[in-house]
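Peer 1: Residue numbers (our numbering), protein chains in the order written: chain R, 44 to 152; chain Z, 44 to 152. Note that beta-carbon positions come from the ideal geometry of N, C-alpha and C, so glycine has one too. Encoded as structure tokens, here's the structure I'll be asking about.
There are 2 protein chains.
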Amino acid sequence: MSPAPQAAATTRPDDVLPVAGLLEVLEALADPVRLEMVRRLDPDGTPAPCAALYDGVGKSTASHHFKILREAGVIERSVVGGKTHHALRLDAVEDRHPGLLRGVLASRY
Amino acid sequence: MSPAPQAAATTRPDDVLPVAGLLEVLEALADPVRLEMVRRLDPDGTPAPCAALYDGVGKSTASHHFKILREAGVIERSVVGGKTHHALRLDAVEDRHPGLLRGVLASRY
């Protein structure tokens, strides 16, 4: 029996990491490329394809920044239709550091 | 006529800077020495003497960190009884980036 189409299209590998401590989360957010990635992600956690989340840096630089965000527990990675996507983990970050990420998302300057 | 004792003891030079944009505030907070300085400051804005705000770094390193926090508008400097003090500008930072600094202060890990 083949899996349901949704299950085949989306996989979640074991890279949903615990939300890091405050300093590591601040360090992850305190970078212009990564802050822009976080701002472009949907706060409701809908995955977005990598390429939609940055401009002006190369793919390997972007991968490095995604890794830092993922290791801080701020985003999670999934594969949708064979393409890597990222999603914001707003609830998880808010559980550990209430107000912090909401404050970052609300601030527009 | 001599000034009132309080006026003589405390001076506020022109170094109360505007609260910076989000990225600069995050960069100011995303450092272990500076995060500790901010955590040791009274949220109500009572000035504390420099030396009470750090351990394990030299005076000139500490001055460098105070400068970064001051230039981001997170702290202000005053002179009390001839000694440099710093105070947290929680309300000013919250005005510009609601939730951010309160979130940082509330998070203990």
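#1: Alpha helix (DSSP H) containing Val117(Z): first to last residue?
#2: Who are Leu131(Z)'s beta bridge partners in DSSP?
#3: With DSSP as the reference, identify every bridge partner of Pro92(Z), one or two as the case may be.
#4: So which residues on chain Z does Arg145(R) lean against when the C-beta distance must stay under 7 Å?
#5: Does the separation of the CB atoms of Ala130(Z) and Leu84(Z) fall below 8 Å?
#6: What does Pro90(Z) reach in chain R if we use C-beta pairs closer than 8 Å?
#7: Residues of chain Z with a CB under 8 Å from the CB of Ala73(R): which are they?
#8: Whose C-alpha, out of Gly64(Z), Ala149(Z), Cys93(Z), Arg139(Z), is nearest the C-alpha of Glu119(Z)?
#9: Which residue comes first and which comes last in the alpha helix (DSSP H) that contains Pro141(Z)?
#10: Could one say the Cβ of Ala149(R) lies closer than 8 Å to chain Z's Cβ atoms, at least one of them?
#11: Candidates Gly99(R), His128(R), Asp98(R), Val123(R): which alpha carbon is nearest Lys110(R)'s?
#12: Go to Pro75(R), then tell me how far its alpha helix (DSSP H) extends in each direction, as first and last residue.
#13: So, does the CB of Leu112(Z) fall closer than 8 Å to a CB anywhere in chain R?
#14: Can Leu69(R) and Leu66(Z) be called in contact, C-beta distance under 8 Å?
#15: Can you pull the chain R residues whose beta carbon is under 8 Å from the beta carbon of Leu78(Z), in chain order?
#16: For a test of the three-state rule: what should DSSP assign to Leu72(Z), helix, strand or coil?
#17: Compare the C-alpha of Leu133(Z) against each of Thr89(Z), Asp74(Z), Gly101(Z) and name the closest.
#18: Closest to Val59(R) by C-alpha separation, out of Ser121(R), Ala91(R), Leu96(R), Glu79(R), would be which residue?
#19: On the CB-based measure, 16 or more other CB atoms within 10 Å of its CB, does Ala63(R) come out buried or exposed?
Peer 2: According to the data block:
#1: For the purposes of this step, residue 117(Z) is identified with residue 74 of the second sequence, where counting begins at 1. That residue, Val117(Z), is in no alpha helix (DSSP H); it is neither H nor E in DSSP.
#2: If you number the second sequence from 1, residue 131(Z) lands on position 88. Leu131(Z) is bridged to Ile118(Z).
#3: Position 49 of the second sequence holds residue 92(Z). Answer by DSSP bridge pairing, in chain order: His128(Z).
#4: Indexing the first sequence from 1 puts residue 145(R) at position 102. Simply Gly142.
#5: Within the second sequence, numbered from 1, the residue matching residue 130(Z) stands at position 87. Within the second sequence, numbered from 1, the residue matching residue 84(Z) stands at position 41. Contact: yes.
#6: On the second sequence, residue 90(Z) is found 47 positions in, with the first residue counted as 1. Result: empty, since nearest Cβ-Cβ is about 24 Å, beyond 8 Å.
#7: Along the first sequence, read from residue 1 onward, the residue named residue 73(R) stands at position 30. Residues of chain Z passing the Cβ test: Leu66, Leu69, Glu70, Leu72, Ala73.
#8: As a working note, residue 119(Z) is residue 76 in the second sequence. Comparing Cα positions, the closest option is Cys93(Z).
#9: Walking along the second sequence from the start, residue 141(Z) turns up at place 98. Careful: Pro141(Z) lies outside any alpha helix (DSSP H) and carries neither H nor E.
#10: Here residue 149(R) corresponds to residue number 106 of the first sequence, with the count starting at 1. Interface residue, yes.
#11: Start at 1 with the first residue of the first sequence, and residue 110(R) comes out as number 67. For Lys110(R), the nearest C-alpha among the options comes from His128(R).
#12: The sequence position of residue 75(R) within the first sequence is 32, counting from 1. Unbroken alpha helix (DSSP H) run through Pro75(R): 75 to 83.
#13: Here residue 112(Z) is taken as the residue at index 69 of the second sequence, counted from 1. Leu112(Z) does not count as touching chain R.
#14: In the first sequence, the residue the question calls residue 69(R) occupies position 26. In the second sequence, the residue the question calls residue 66(Z) occupies position 23. Against a cut-off of 8 Å, the Cβ pair of Leu66(Z) and Leu69(R) comes out as no contact.
#15: Residue 78(Z) sits at position 35 when you count from the first residue of the second sequence. Residues of chain R passing the Cβ test: Leu65, Leu66, Leu69.
#16: On the second sequence, position 29 is the one that residue 72(Z) refers to. In the structure shown, Leu72(Z) sits in a helix (DSSP, three-state: H, G or I).
#17: Here residue 133(Z) refers to the residue found at position 90 when the second sequence is read from its first residue. Comparing Cα positions, the closest option is Thr89(Z).
#18: Here residue 59(R) corresponds to residue number 16 of the first sequence, with the count starting at 1. When only C-alpha atoms are compared, the closest one is Ser121(R).
#19: One-based indexing of the first sequence puts residue 63(R) at position 20. By the 10 Å Cβ count, Ala63(R) comes out buried.
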